[in-house]
Amino acid sequence: MNKQQIKFNEEIEQYTKTWTPAKVAAFRSAFLTWYDEEKRLLPWRVNQEPYSVWVSEIMLQQTQVATVIPYYQRFMEWFPTVQDLAEAPEDKLLKAWEGLGYYSRVRNMQVAAKQVVSEFGGQFPTTSEGLKQLKGIGPYTAGAIASISFKEPAPAVDGNVMRVFSRLFGIGEDIAKPSTLKYFDAVVRHVIDPIRPGDMNQATMDLGSSICTPTKPKCEACPLQSFCLTYQQGTQENYPVKLKKIKVTHKYYLALAKENNQGQFEMIQRPSEGLLANLWTFPLIEVSKEDYERYHQEWQGTAEGVLASETDSLLKTLQREYPEAVWQKQPVGEITHVFSHLKWHVLIAYGRKNQSLIAEETDKHVWITPETFKELAVPKPQEKMNQLLKKANYIN
DNA sequence: AACACGGGGGC
DNA sequence: GCCCCAGTGTT
Numbered sequence: 001m002n003k004q005q006i007k008f009n010e011e012i013e014q015y016t017k018t019w020t021p022a023k024v025a026a027f028r029s030a031f032l033t034w035y036d037e038e039k040r041l042l043p044w045r046v047n048q049e050p051y052s053v054w055v056s057e058i059m060l061q062q063t064q065v066a067t068v069i070p071y072y073q074r075f076m077e078w079f080p081t082v083q084d085l086a087e088a089p090e091d092k093l094l095k096a097w098e099g100l101g102y103y104s105r106v107r108n109m110q111v112a113a114k115q116v117v118s119e120f121g122g123q124f125p126t127t128s129e130g131l132k133q134l135k136g137i138g139p140y141t142a143g144a145i146a147s148i149s150f151k152e153p154a155p156a157v158d159g160n161v162m163r164v165f166s167r168l169f170g171i172g173e174d175i176a177k178p179s180t181l182k183y184f185d186a187v188v189r190h191v192i193d194p195i196r197p198g199d200m201n202q203a204t205m206d207l208g209s210s211i212c213t214p215t216k217p218k219c220e221a222c223p224l225q226s227f228c229l230t231y232q233q234g235t236q237e238n239y240p241v242k243l244k245k246i247k248v249t250h251k252y253y254l255a256l257a258k259e260n261n262q263g264q265f266e267m268i269q270r271p272s273e274g275l276l277a278n279l280w281t282f283p284l285i286e287v288s289k290e291d292y293e294r295y296h297q298e299w300q301g302t303a304e305g306v307l308a309s310e311t312d313s314l315l316k317t318l319q320r321e322y323p324e325a326v327w328q329k330q331p332v333g334e335i336t337h338v339f340s341h342l343k344w345h346v347l348i349a350y351g352r353k354n355q356s357l358i359a360e361e362t363d364k365h366v367w368i369t370p371e372t373f374k375e376l377a378v379p380k381p382q383e384k385m386n387q388l389l390k391k392a393n394y395i396n
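Numbering (full-length UniProt numbering), first residue to last: 1 to 396.
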């Protein structure tokens, strides 16, 4: 067992350590009693055939219960068995799904139906592992069918289940990350009823849709109140944790490290509002991603067949746009910096001027020696650039 | 790991 | 009218 596995096991134990066998038994009893009393009588709950469970689960992945019911009933009339589905003409198949969306799912269902007929003799595989071999059946659907139809104590973890269990156990992992699934899988395995695993999975789904709702959970009506860690802490509304995935925007710059004959570098103060307001950096020239990548390739010496007449080299650009300095042919280097919502890619170009031109100075524009950089407020990317210049012996 | 799939519901 | 939703497949 490697370190990561040990760490994982310890984390799971933190969640389950107060769940003694007696508590687990009481939990199962309370939950299943509630389910027996409250369970909704849905058309796909009249039997536990894998075919009916499968059809309903696929439909329910994309649509709410009330909408699914008529679709489900018509689907079962048109395709009563897996053989009927396997042999169905495509237009009838699509007609049956019309309005549900995600049409590839019904096509995958037919592929799976054909697999069942030809590879499994018309019978569904009876384990979650076997079920996962069927097209369109992933861990969730496999767990649902295996537990309901074959009484395998397999978790069926969907968004509802993550919500319920994150609150019950105070699981603060980010449910937006696919890797978080394993925490819920482990915790569900710890408490799932070995005699009625399917009912426990369905009870969890029902609880998630009727009581343990995303906002304003009806904890006063919850059969699991006394088992719920976050209810006791009053923190249930903070769960599940779902980090908004912020899209990172990439920005590409050339930084101009211009040194004059006094050993001074040009520094520019950023605008008083927005990102890094009022901080000082080398002059930054935003370039397109394409130009940046080309400059970067030239620098790394991997550009092939690039004709000077078609594209502009970094050196030519610098000489044309900033003729007051003598530019070094190659960039000093590259730094990147990740902000909360964007990533800077900066190539540092070094150029030397033969005059001092102090007259150019304004209050937002100074020439200073590296020794006095620290008198200016400088952001992290500029610090990285300074480090790079030091390392390459441009400054001390 | 990121994106596509396609409707419905919530704001 | 825009954003998010929830699994599975694909790249």
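For every residue, glycine included, the Cβ atom is placed at its ideal position computed from N, Cα and C.
- DSSP places Ile137 in the coil class of the three-state scheme, outside both helix and strand.
- By the Cβ rule, the region 144-160 does not count as touching the region 218-226, because fewer than three pairs are nearer than 8 Å.
- Secondary structure of Glu152 (DSSP, three-state): coil.
- Between the C-alpha atoms of Ile211 and Leu100 there is a straight-line separation of about 26 Å.
- Residue pairing by DSSP places Thr16 opposite no residue, since no beta bridge is assigned to it.
- Tyr51 is positioned such that its CB atom lies no closer than 8 Å to that of Asp199.
- Restricting attention to His337, Asp193, Lys380, Ile175, the CA atom closest to the CA of Lys23 is found in Asp193.
- The distance from the Cβ of Val346 to that of Glu334 is about 7 Å, consistent with a contact at the 8 Å cut-off.
- Note: Leu342 is bridge-paired with Thr249 in the DSSP secondary-structure output.
- Relative to the Cα of Ala113, the nearest Cα in the group Pro89, Tyr71, Val188, Lys95 belongs to Pro89.
- Counting C-beta atoms within 10 angstroms of its own C-beta, Thr281 has 16 or more neighbours from the protein chains shown and is therefore classed as buried.
- Under DSSP, the beta-bridge partners assigned to Gln269 are Trp280.
- Your pair Lys242 and Ala176 checks out as a contact, with CB atoms roughly 5 Å apart and the cut at 8 Å.
- The closest CA to that of Thr249, considering only Ser288, Phe265, Asn260, Arg270, is found on Ser288.
- Within the model, the alpha-carbon separation for Thr235 versus Leu41 is close to 33 Å.
- Shown here, Gly122 sits in coil according to DSSP, grouped into three states, outside any helix or strand.
- Put simply, the backbone Cα of Asn9 is about 12 Å away from that of His190.
- Of the candidates Asp91, Pro381, Ser118, Pro381 places its Cα closest to the Cα of Tyr253.
- Here Gly333 carries a strand assignment [DSSP, helix/strand/coil].
- With contacts defined as CB atoms closer than 8 Å, Asn261 and Trp367 fail to qualify as a contacting pair.
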